[in-house]
Structures are given as C-alpha cells and as structure tokens.
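Trainee: Below is a structure I'd like to ask you about.
2 protein chains.
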Amino acid sequence: MSEKRQRGAKADPAADEAVYQAITRAIMDGRLKAGTKLVEQTLAEAFGVSRERIRKVLHRLGAERRIEIVPNRGSRVPSPSPQEIRAVYEAHRVLEAGVLVQLAHILTDDILARLDAHLLEEKAAAARGDRAASVRLSGAFHMHLVDALENEELSRFLRDLLSRSSVMVSVYEPAADSACAVDEHGAIVEALRARDVAQAIHLSRHHFQHVEQRLRLDRPQGPAPDLRALFSPEALAD
Amino acid sequence: MSEKRQRGAKADPAADEAVYQAITRAIMDGRLKAGTKLVEQTLAEAFGVSRERIRKVLHRLGAERRIEIVPNRGSRVPSPSPQEIRAVYEAHRVLEAGVLVQLAHILTDDILARLDAHLLEEKAAAARGDRAASVRLSGAFHMHLVDALENEELSRFLRDLLSRSSVMVSVYEPAADSACAVDEHGAIVEALRARDVAQAIHLSRHHFQHVEQRLRLDRPQGPAPDLRALFSPEALAD
DNA sequence: CAGGTGAATAATGTGCACATTAATTGGAAT
DNA sequence: ATTCCAATTAATGTGCACATTATTCACCTG
C-alpha cells in the first residue's frame, strides 16, 4: 500500500505547529515582505499539507494580528503605517514604565544579577560587531525586565509587541549601530539598583525615543508592495 | 421551495459574529459558569448553525484566551486559579501605572473633563444603588484612562484583561459595595489634575489592592464545576 | 482608442462524510 | 465486591466537493 491518505485521515498532530512556526519565522525574519499575499492553495502545495490546515493556521495568525485577513479577499502580511508603528512603540514605552514601577517593589539582588549578566552578553555582542545578535539581545533585555515580574499576561503582551516591531524594522530599515542601546540599557539597570524609579522611567522613555527616531519614518508609505510570486515555495518550507 | 441549505451554501456572513458575541456575552455575564464544557454539536443545534461554524468561533475564542481548548478533548470555560487571578490583577495594576505616567505627559483639560463626567455617572449609579451599573462603570473608568492615550494596542490589552477579570468575579463572588471605588477613582483623577504622577500611581496601586482583597480567594479552589447540562440551549440563544 | 461590461478564471467560504481519539459502560476474572 | 479490560458510544479532527465571491481579461461600443 502507498502513503495515500484516507478521507478523514489525521496526519501529524504537530503539523499545524510546524506550519505556524515556519510562517511566523518567515515573517519575523523578513523573508516574507510586508504586503505579500498569502494564497491558501499555494501555501498548501508548498508545505505539502491540505488547504484546510493552512486555513486554520492563517486564522490563528490573524487572531494574533500577525497577518491581516479581509473576508473573501484573503490574507496578507501587514504593512504597518507609520501611525501604527508609533502606536506599538508607545505601547511598549507605556508598558515598560509600569513594569519599572512594579519592579522597584519586588527587586531582588538575584534579579539585578541576571540583568547584569545579560548586559555583559549584550556588550560582548556589540564588541564583536555581531549585529544580528545585538538586535536580538536588545529585545531580550526588555523581555528580561518583564519576565522578572513572573507574570505570564505581561510577558505575553510584550512578546506580541516585540514580534510586531520586528516586522517593522524589516520594513523601515533602521540605521545600523545599536551600540548606544547597550549603555542606555545599563543606565536603566543602574537607576533600578539605586531604587530611583523616576529616573529609571525617565531613562526608559528617552531610550525608546532614540530607538523610534532611528527608524526612517520620513519617506515610507508604500514600500513597493512587490507582492505575489516573491515568496518561493522551497524557501518557505526550508 | 423550502429554506433547505445547499452543500456549500454561504449563509449569513454575520452569523459568525452573532455566535461569537452570544458566547462571549454568556461567559462575561456568568451565565456560562467556569468549567462548563462547550460541546460543538450541542452548540450547533442551540444556535441552529453548522458545527463547522461553531468550531471556527471556538478556535477564535481560544486564541483570545476566552476559553480553554485542549486538543482532542474539547473546549471549556476556564476556571482560573487564584494564582492566575492575581496575575491578571497585577497586570492591570502594572499597565495602569504606565498609563498614568504617559497620561501625565499628554494630559489636556478635555481629557480631565471627560473623566469628571464619567465620575458623575459612577456617583449617580452608586447613589441609586444600581449595582450592575456600578460594576460596569467601574471597569469603564479604567478603560477611559487607557482610551485617553488613543492607542489601540493598549486599549485592546486592557479590554482583554477586563473581560477575563469579569469572569473571575463571577467565580469568586465579590462582596457587594463598590461604593468606595468611586471615591478612589476620584482621588486618582485629582492627583492627575495636580500633575502628581507619583501620587496617582500610589493611589492606583492601593485601589487595585482593595479590589483584589475584596475577592474571596480564601476558600476557592474547585467551585464545584457542575458542568454538563447546566447550560440550556434556549438560554444561550436568548 | 478609452472606458466600461460581460464571461472566464482564480481564490475563499462552508457543509458533509468519515477517521480518530477520548469517555463510558458492561462484563469477566481474581 | 473491586479491578481491569474490551467494546460501545460520544465528541473532536480533517479532507473533499462544491458554492460564492473577487479578479482578470477579452471584447464590444461610443
């Protein structure tokens, strides 16, 4: 007998997750550019799964705001407007202010030690000029701050925000050096160590202001959608 | 001819939304108690729609954390543990601290006027002993604070948190009077008017502490799930 | 030749039939 | 009587066939 599937066959239960992860990574890595249309049939053939499965994954991604779904018109990678980008960064800034307030109340030496360890990592990555690692660790710093509160709700919210801003940097190519970010991160930790909440918030706000200014929001609008046929099936499956 | 549906018939496009709203409301109003199992076939018959439609709505609700879905084992209304409840309230508290920081930067007389107007509404509801309205307006106050920032990300996050905490109060019946809440809300607005951020945060934190303490987290655990057959189809459809 | 209208094509939405897995019940053996 | 196992039942998961809607394109008309 061949591997032919029966009617209601139940294939790999982890297949959903695999497809979900693949598309998510493709979006976050910028391999799927903003505005690209995600055609169900094409994706189904690319992954070698049924269209229904793709469909389910797409709806999940839509619910998580990772893609845009317009009824009867399909799904596509969102191309956020400058306004939406500002909103995400502002949300991040507002959340971190609240996190810092709470962190000051439950701060332990253990938490500070972990933050210090992370800063060393960041500094090392910056020193050896590893840009990819720098970007990743820069986001991880803020995740560390939230994770210190050990609150799944808050961690999830920040994770969502970070995943969305990572899409944005792939649209509006940021100017390179995030070296200064390390120092700013360190300053925030120092303010925390001194239990100076107001100062920590102040530094955090300025930090975000710098990051936001680094984006090229001036001549954005339509980054030439270039949609359709830009995503190769084998590149997706990798 | 009858109203019999064809094979791939496309019924009311708003049917999804109707089912979604109905279930959401039923959960938030406490008509669907925590732990109740949501059987697809039963719901399909209750709403008079196909099981696939129910299925889609259920998955959407699951993605929004409004219900719990265990693969191959179905969906149910979550019965949050005391730990999860604390997490939600803490998240709310942390978010509001950040909101107050940002609000202090962009505060206008117009915003203050709207908050004052809301306080009057709350006071009126409390004065006439309308408990349902009081609870609703109490949540609305915090929504107003976030909405003043005009940031959809933050508003959505708080909306999620509120919808989850509303489920919780239906589990752990709170002691009645939320009268003092009005005064505490008013105090926060006054601190804002005086541009005293630290004081506003301080008051907000204490406010949440009061609300959280009002819940009966002492002898909770299993509120006697009582699942199956407690939800009447006609009560759902209302 | 421009602009719009229709048919043809492509892509999305949905009900249904069945597979699969969990829950339940009945019975036999110790 | 209790425990364990098999068979039945119930509920969830999935592929497929089609309907419906959007898009494209060719053709006709002014």
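Listed in order, the protein sequences are those of chains A and B.
Residue 33 in the UniProt record's numbering sits at position 33 of the first sequence; the count goes up by one each step and never skips.
Residue 225 in the UniProt record's numbering sits at position 225 of the second sequence; the count goes up by one each step and never skips.
From the three backbone atoms N, C-alpha and C, an ideal C-beta is built for every residue, glycine too.
#1: Taking C-beta to C-beta, are residue 77 of chain B and residue 67 of chain B nearer than 8 angstroms?
#2: Using the Cα positions of residue 2 of chain B and residue 64 of chain B, report the straight-line distance between them to the nearest angstrom.
#3: State the DSSP-derived secondary structure class of residue 37 of chain B, mapped to helix, strand or coil.
#4: Would you tell me roughly how many angstroms separate the C-alpha atoms of residue 44 of chain A and residue 32 of chain B, rounded to the nearest one?
#5: If you draw a straight line from the alpha carbon of residue 134 of chain A to that of residue 81 of chain A, how long is it in whole angstroms?
#6: Does any residue of chain A have a CB that is nearer than 8 angstroms to the CB of residue 102 of chain B?
#7: I'd like the span of the alpha helix (DSSP H) that includes residue 90 of chain A, first residue to last.
#8: Step through the CB atoms of chain A and report whether any lies within less than 8 angstroms of the CB of residue 208 of chain B.
#9: Residues of chain B with CB closer than 8 angstroms to the CB of residue 60 of chain A, please, in chain order.
#10: For a test of the three-state rule: what should DSSP assign to residue 163 of chain B, helix, strand or coil?
#11: By the DSSP assignment, the alpha helix (DSSP H) with residue 69 of chain B in it spans what residues?
#12: Residue 201 of chain B CB to nearest chain A CB: under 8 angstroms?
#13: Considering only residues of the same chain and omitting the five flanking positions on each side of residue 162 of chain B, which have a CB-CB separation below 6 angstroms?
#14: Do you know offhand how far residue 124 of chain B's Cα is from residue 184 of chain B's?
#15: Give the range of the beta strand (DSSP E) segment to which residue 76 of chain A is assigned.
#16: Have a look at residue 83 of chain B and residue 129 of chain A and give me their C-alpha separation to the nearest angstrom.
#17: To the nearest angstrom, report how far apart residue 203 of chain A and residue 93 of chain B are at their CA atoms.
#18: Ignore the nearest five residues each way along the sequence and tell me which others in residue 159 of chain A's own chain have a CB closer than 8 angstroms to its CB.
#19: Quick one: what does DSSP say residue 16 of chain A is sitting in, helix, strand or coil?
#20: Please give me, in chain order, every unbroken run of the alpha helix (DSSP H) with length at least 4 that falls completely inside the region 116–153 of chain A.
#21: Is the shortest distance between the beta-carbon of residue 5 of chain B and the beta-carbons of chain A less than 8 angstroms?
#22: Using the rule of at least 16 other Cβ atoms within 10 Å of the residue's Cβ for burial, across every protein chain shown, is residue 52 of chain B buried or exposed?
#23: Compare the C-alpha of residue 22 of chain B against each of B:87, B:61, B:197 and name the closest.
#24: Closer than 9 angstroms by beta-carbon distance: list the chain A residues that pair up with residue 90 of chain B, in chain order.
#25: To the nearest angstrom, how far is it from the Cα of residue 137 of chain B to the Cα of residue 145 of chain B?
#26: Using the three-state DSSP reduction, which class does residue 238 of chain A fall into: helix, strand or coil?
#27: CB-CB under 6 angstroms to residue 170 of chain B, same chain, minus the five flanking residues each way: which ones, in chain order?
#28: In this structure, how does DSSP classify residue 195 of chain A when only helix, strand and coil are distinguished?
#29: Can you tell me where the alpha helix (DSSP H) holding residue 58 of chain A begins and where it ends?
#30: Could you check how far apart the C-beta atoms of residue 110 of chain B and residue 189 of chain B are, in whole angstroms? I think they sit under 8 angstroms.
#31: Are the Cβ atoms of residue 197 of chain B and residue 88 of chain B separated by less than 8 angstroms?
#32: Any C-beta of chain A within less than 8 angstroms: which residues of the region 157–168 of chain B qualify?
#33: Near residue 56 of chain B, which residues of its chain fall below 8 angstroms by C-beta distance, leaving aside the five closest residues on each side in sequence?
#34: If contact means a Cβ-Cβ distance below 8 angstroms, which residues of the region 63–77 of chain A contact chain B?
#35: CB residue 75 of chain B to CB residue 38 of chain B, shorter than 8 angstroms?
Mentor: According to the structure shown:
#1: For the pair residue 77 of chain B and residue 67 of chain B, the CB atoms are nearer than the 8 angstroms cut-off.
#2: With a pLDDT of only 42 at residue 2 of chain B, under 50, the local geometry of the prediction cannot be trusted, and no value is derived from it.
#3: DSSP places residue 37 of chain B within a strand segment (E or B) once states are collapsed to three.
#4: Roughly 38 angstroms between the two C-alpha positions.
#5: Straight across, the Cα-Cα distance linking residue 134 of chain A with residue 81 of chain A is about 26 angstroms.
#6: In terms of beta-carbon proximity, residue 102 of chain B lines the interface with chain A, with at least one pair separated by less than 8 angstroms.
#7: DSSP places residue 90 of chain A in the uninterrupted alpha helix (DSSP H) bounded by 82–106.
#8: Output row for residue 208 of chain B: interface = no.
#9: Within 8 angstroms Cβ-Cβ: 59, 63.
#10: Helix, per DSSP.
#11: Where residue 69 of chain B is concerned, there is no enclosing alpha helix (DSSP H), although the beta strand (DSSP E) it sits in stretches over 68–70.
#12: For residue 201 of chain B, the nearest beta carbon of chain A is closer than 8 angstroms to its own beta carbon.
#13: Once the five neighbours on either side are set aside, the close Cβ partners of residue 162 of chain B are 139.
#14: Approximately 15 angstroms, taken between the alpha carbons.
#15: Looking at the DSSP string, the run of the beta strand (DSSP E) that includes residue 76 of chain A is 74–76.
#16: Going from the Cα of residue 83 of chain B to the Cα of residue 129 of chain A covers about 43 angstroms.
#17: Separation of residue 203 of chain A and residue 93 of chain B (C-alpha to C-alpha, rounded to the nearest whole angstrom) is 21 angstroms.
#18: So the qualifying residues of the chain are 143.
#19: Of the three classes helix, strand and coil, the one that applies to residue 16 of chain A here is helix, per DSSP.
#20: At a cut-off of 4 residues, the continuous stretches assigned as alpha helix (DSSP H) that sit fully inside the region 116–153 of chain A are 131–147.
#21: The predicted position of residue 5 of chain B is uncertain, since its pLDDT is 49 and thus under 50; no value can be drawn from it.
#22: Looking at its Cβ environment, which holds fewer than 16 other Cβ atoms inside 10 Å, residue 52 of chain B is exposed.
#23: Nearest to residue 22 of chain B by C-alpha distance, out of B:87, B:61, B:197, is B:61.
#24: What residue 90 of chain B touches in chain A, judged by beta-carbon distance under 9 angstroms, is 102, 149, 151, 153, 154, going in chain order.
#25: Spanning the two alpha carbons is a distance of roughly 12 angstroms.
#26: In this predicted model, residue 238 of chain A has a pLDDT of only 38, less than 50, meaning its place in the structure is not dependable; the value taken from the coordinates is given anyway. Residue 238 of chain A falls in the coil class under three-state DSSP.
#27: Same-chain partners within the cutoff: 30.
#28: Looking at residue 195 of chain A - three-state DSSP - the assignment turns out to be coil, as it is neither helix nor strand.
#29: Its alpha helix (DSSP H) spans residues 51–63.
#30: The beta-carbon distance between residue 110 of chain B and residue 189 of chain B, rounded to whole angstroms, is 14 angstroms. This is too long to meet the 8 angstroms contact definition.
#31: When the beta-carbon positions are compared, residue 197 of chain B and residue 88 of chain B stay at least 8 angstroms from each other.
#32: Correct list: 157, 161.
#33: So the qualifying residues of the chain are 16.
#34: If the cut-off is 8 angstroms between Cβ atoms, the region 63–77 of chain A has 63, 64, 71 near chain B.
#35: It is a contact, given that the beta carbons lie within the stated cut-off.
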